[in-house]
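Chemist: Taking my numbering, the leading residue of the sequence shown gets 4, the next gets one more, and so forth.
C-beta atoms are modelled at their ideal positions from N, C-alpha and C, and glycine is treated no differently.
A quick note: this is a predicted structure, and the numbers were derived from the prediction, not measured.
Take this structure, written in structure tokens, and hold onto it; I'll ask about it next.
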Amino acid sequence: MKQVLCVMISILLLFTVVACATETQNSSAKNTESQETDGSSESANDSNTVTEILVAYFSCTGTTEKLAKYAADYLNADLYEIQPAEPYTDEDLAYYTNGRADQEQNDPDARPKINGQVEDMAKYQIVVIAYPIWHGQAPRIISTFLESYDFQNKTIVPFCTSHSSGIGSSATDLEKLCADSAEWKEGKRFDSQTTESEIENWLDSIDIKPYDPKQKEADEVGVFNFESKTVLLNSGYSMPINGLGTYSLLDDTCVESVKTALKDGVRLIDTAYMYKNEVEVGQAIRESMEELGIQREDIFVITKLYPGEQYENPERAIEDALEKLDIGYIDMMLLHHPGDNDVKAYKAMEQAVADGKIHSIGLSNWYIEELEDFLPQVSITPALVQNEIHPYYQEREDVEYIQSLGIVVQAWYPLGGRGYTADLLGNEVISKIAQVHEKSSAQIILRWDLQNDVVVIPGSSNPDHIMENTQLYDFELTDEEMEQIDALEKNEKHDWY
């Protein structure tokens, strides 16, 4: 972040120097006409894409503005004009007349007010700062700009514009106004004859690359966000990273358990055809939406098709799941485990995605060998693979392989297999770690999964346990504690899948 910020400031400073040289102080202030952030509520970019680079500039004659636009266009960056609250007049800008600009430059503490502000400065990793040179320095309004935001861990790229003056100490003087954690790129001076390609070559030379929103999204796939408690799937949808498993929950017990979970803030519910509770899960969701005001789009529901008849007639099976759940669409559908016609069933799910009936699809109980055989036969990469994972059966090699494909891993039986949880929860190592954090053994195990980027769906009908299983975000396991739990591996699988 710091490097990016430094690079951006250097670019901005270079633009300013060029602009200053070209746009002398005896010229009048000029309004820019390019698409940019002008300090108002309108963004420089009308799209919903998060922009990681900002080019901020101050310009009087248009030279700095022109070069700033070159930089912004090349970098796919947002453009922000630093506008003085009180515009500069020709008289203000006249050199050596003791006018307003002269007075400000002679006063190191002068801080001209700025009209408006950058919307959400925190989202920018790189800030390019462009300014003209006034009396060998950046205009004091650039100091105002730098002192108005937190540039910690950002990269600043300064550049300036001028007729003949170099960038001098202007960039290094500006650097002193920012947090030590900000990384400043070496600034450069340009003149009014600078071409677009020269700006691009300079940015390349200091390793400032264009922002690629698609690449950023790709980089974020599979990365756990512990603030939003979600992970971005390769399908483009976000999924909560902890939820409720409903295996063995039937009838009213299922309805009440799901409603309790939703009331406690759980937004991920896992069910399946074989659990024989899709109707109850759907009922609980609809009632919770009405009673608690929860929006459908805030709830993520997973269900599964089972080998046999459902794989043989997957289109009908998908419609059955939609009818039973009765919640409009299915967030994710998985194949429960490998079996005859699994490719056929998966292709039917692919078509359901195209039809808008299902948002994301994936697999359950698929391991490296099965995946290597299966994936070349399908078009949509699974968004999720759900397998048995717990401290006694960690599947390290499989988890790493699956995650390397951009597929999120989810753990069923995260607290050990049914009938085996007491042994795991009573493990001495886990119990000691739990005491240190004043947490339960279950919470320690679930947090261990989350820190391994594994989604958890513990099952329970006990309201206290359901609540407890959500309280995973106010502590963090140390590297040593993670290693201690890693060492508990027994290759002890509790189901036949």
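Tell me, to the nearest whole angstrom, how far the beta carbon of SER173 is from that of GLN218; I am working on the premise that it is less than 8 Å.
Modeler: With a Cβ gap of about 33 Å, SER173 and GLN218 do not count as contacting.
Chemist: By Cβ distance, which residues of its chain are closer than 6 Å to THR27, with the 5 residues on each side in sequence left out?
Modeler: Unreliable placement is indicated for THR27, whose pLDDT of 38 sits below 50; the coordinate value is still reported in the next sentence. Closer than 6 Å at Cβ, skipping near neighbours: no residue.
Chemist: Once the 5 residues before and after GLU39 are set aside, which same chain residues still bring their CB inside 7 Å of it?
Modeler: Residue confidence for GLU39 is low, a pLDDT of 49 falling below 50, so the modelled location carries little weight; the figure read from the coordinates is stated next. Around GLU39: ALA47, LEU82, TYR83 and GLU84.
Chemist: List the whole-angstrom C-beta distance separating LYS126 from GLU55, where the pair is believed to meet the contact cut-off of C-beta under 8 Å.
Modeler: About 7 Å; that satisfies the 8 Å criterion.
Chemist: What are the residues that DSSP puts in a beta bridge with ALA414?
Modeler: The partner list for ALA414 (beta bridge, DSSP) reads ASN390 and VAL459.
Chemist: Quick one: what does DSSP say LEU369 is sitting in, helix, strand or coil?
Modeler: The sequence given here places Trp at residue 369; Leu does not occur at that position. Three-state DSSP puts TRP369 in coil, outside helix and strand.
Chemist: Taking only the alpha-carbon atoms, compute the straight-line gap between GLN120 and VAL131 and give it to the nearest angstrom.
Modeler: If I take the Cα positions, the gap works out to 16 Å.
Chemist: Helix, strand or coil: which one does DSSP assign to ALA264?
Modeler: Note: ALA264 maps to helix in three-state DSSP.
Chemist: Let's see if you can read the secondary structure: which residues bound the beta strand (DSSP E) around SER238?
Modeler: Taken as a continuous stretch (DSSP letters only), SER238 belongs to no beta strand (DSSP E), as it is neither H nor E.
Chemist: Rounded to whole angstroms, how far is the Cβ of TYR416 from the Cβ of GLU495, which I believe are closer than 8 Å?
Modeler: With 8 Å as the limit, TYR416 and GLU495 do not qualify as a contact, their Cβ atoms being about 11 Å apart.
Chemist: Distance check for ASP489 and ASP482, CA to CA, integer angstroms please.
Modeler: If you take the alpha carbons of ASP482 and ASP489, they lie about 10 Å apart.
Chemist: According to DSSP, which residues form a beta bridge with GLU186?
Modeler: Paired residues: THR158.
Chemist: What did DSSP end up calling ALA59 once you bin it into helix, strand or coil?
Modeler: ALA59: strand per DSSP, three-state reduction.
Chemist: Inspect the beta-carbon positions of GLY365 and ALA386 and report whether they are closer than 8 Å.
Modeler: Yes. Within cutoff.
Chemist: Can you give me the start and stop residues for the beta strand (DSSP E) that TYR214 sits inside?
Modeler: Neither: TYR214 is in no beta strand (DSSP E) and is coded neither H nor E.
Chemist: Do ASP456 and GLY225 have their beta-carbon atoms positioned less than 8 Å apart in this structure?
Modeler: Closer than 8 Å, so yes.
Chemist: Start and end of the beta strand (DSSP E) containing THR198?
Modeler: It is not in any beta strand (DSSP E) - THR198 carries neither H nor E in the DSSP assignment.
Chemist: Taking the alpha-carbon of PHE193 as reference, which of TYR278, ALA74 and SER241 has the nearest alpha-carbon?
Modeler: Closest by alpha carbon: ALA74.
Chemist: Tell me, to the nearest whole angstrom, how far the beta carbon of ASP334 is from that of PHE303; I am working on the premise that it is less than 8 Å.
Modeler: Their Cβ separation, rounded to whole angstroms, is 5 Å, which keeps ASP334 and PHE303 in contact under 8 Å.
Chemist: Tell me where the alpha helix (DSSP H) around TYR77 begins and ends.
Modeler: Note, TYR77: alpha helix (DSSP H), 66–78.
Chemist: Do the CB positions of PHE229 and PRO142 come within less than 8 Å of each other?
Modeler: Result no, Cβ atoms of PHE229 and PRO142 do not sit closer than 8 Å.
Chemist: Which same chain residues end up closer than 8 Å to TYR276 when comparing Cβ atoms and leaving out the 5 residues on each side of it in sequence?
Modeler: Same-chain partners within the cutoff: THR306, LYS307, LEU308, TYR309, GLN313, ALA320, ASP323, ALA324 and HIS339.
Chemist: Using the rule of at least 16 other Cβ atoms within 10 Å of the residue's Cβ for burial, across every protein chain shown, is ASP376 buried or exposed?
Modeler: Flag for ASP376 reads exposed.
Chemist: Would you report the Cα separation of ARG270 and TYR423, rounded to the nearest angstrom?
Modeler: When rounded, the distance between both Cα atoms is 27 Å.
Chemist: Using only alpha-carbon positions, find the residue among SER238, TRP369, SER382 and LEU428 that is nearest to ILE405.
Modeler: Looking at the Cα atoms, TRP369 is the closest of the given residues.
Chemist: Taking three-plus beta-carbon pairs below 8 Å as touching, is the stretch 258–272 in contact with the stretch 425–443?
Modeler: The stretch 258–272, when compared against the stretch 425–443, does not touch it at the 8 Å Cβ threshold.
Chemist: With which residues is LYS191 paired in a DSSP beta bridge?
Modeler: LYS191 is bridged to PHE162.
Chemist: Taking DSSP as the reference, what is the three-state secondary structure of ASP81?
Modeler: Of the three classes helix, strand and coil, the one that applies to ASP81 here is strand, per DSSP.
Chemist: At which residues does the beta strand (DSSP E) containing VAL381 begin and terminate?
Modeler: Per DSSP, VAL381 belongs to no beta strand (DSSP E) and is neither H nor E.
Chemist: Restricting to Cα atoms, I'd like to know which of GLN106, GLU300 and GLN454 is closest to LEU480.
Modeler: The shortest Cα separation from LEU480 among GLN106, GLU300 and GLN454 belongs to GLN454.
Chemist: Taking THR164 and LEU70 to be in contact with their CB atoms under 8 Å, please state how far apart those CB atoms are, rounded to whole angstroms.
Modeler: That pair is a contact at about 6 Å.
Chemist: Looking only at its own chain, which residues have a Cβ that is under 7 Å from the Cβ of CYS181, when we skip the five neighbours before and after it?
Modeler: Here the set comprises LEU149, PHE154 and ILE159.
Chemist: Determine the contact status of ALA414 and HIS393, defining contact as a CB-CB distance below 8 Å.
Modeler: Cβ atoms of ALA414 and HIS393: closer than 8 Å.
Chemist: From GLN487 to GLU318, what distance separates their C-alpha atoms?
Modeler: Cα to Cα, GLN487 sits roughly 46 Å from GLU318.
Chemist: Distance, Cα to Cα, ASP301 vs LEU475?
Modeler: Those two C-alpha atoms are separated by around 20 Å.
Chemist: Cα-Cα, which of THR274, ASN237, SER241 and GLU290 is closest to GLU259?
Modeler: Comparing Cα-Cα distances from GLU259 to each of THR274, ASN237, SER241 and GLU290, the minimum goes to GLU290.
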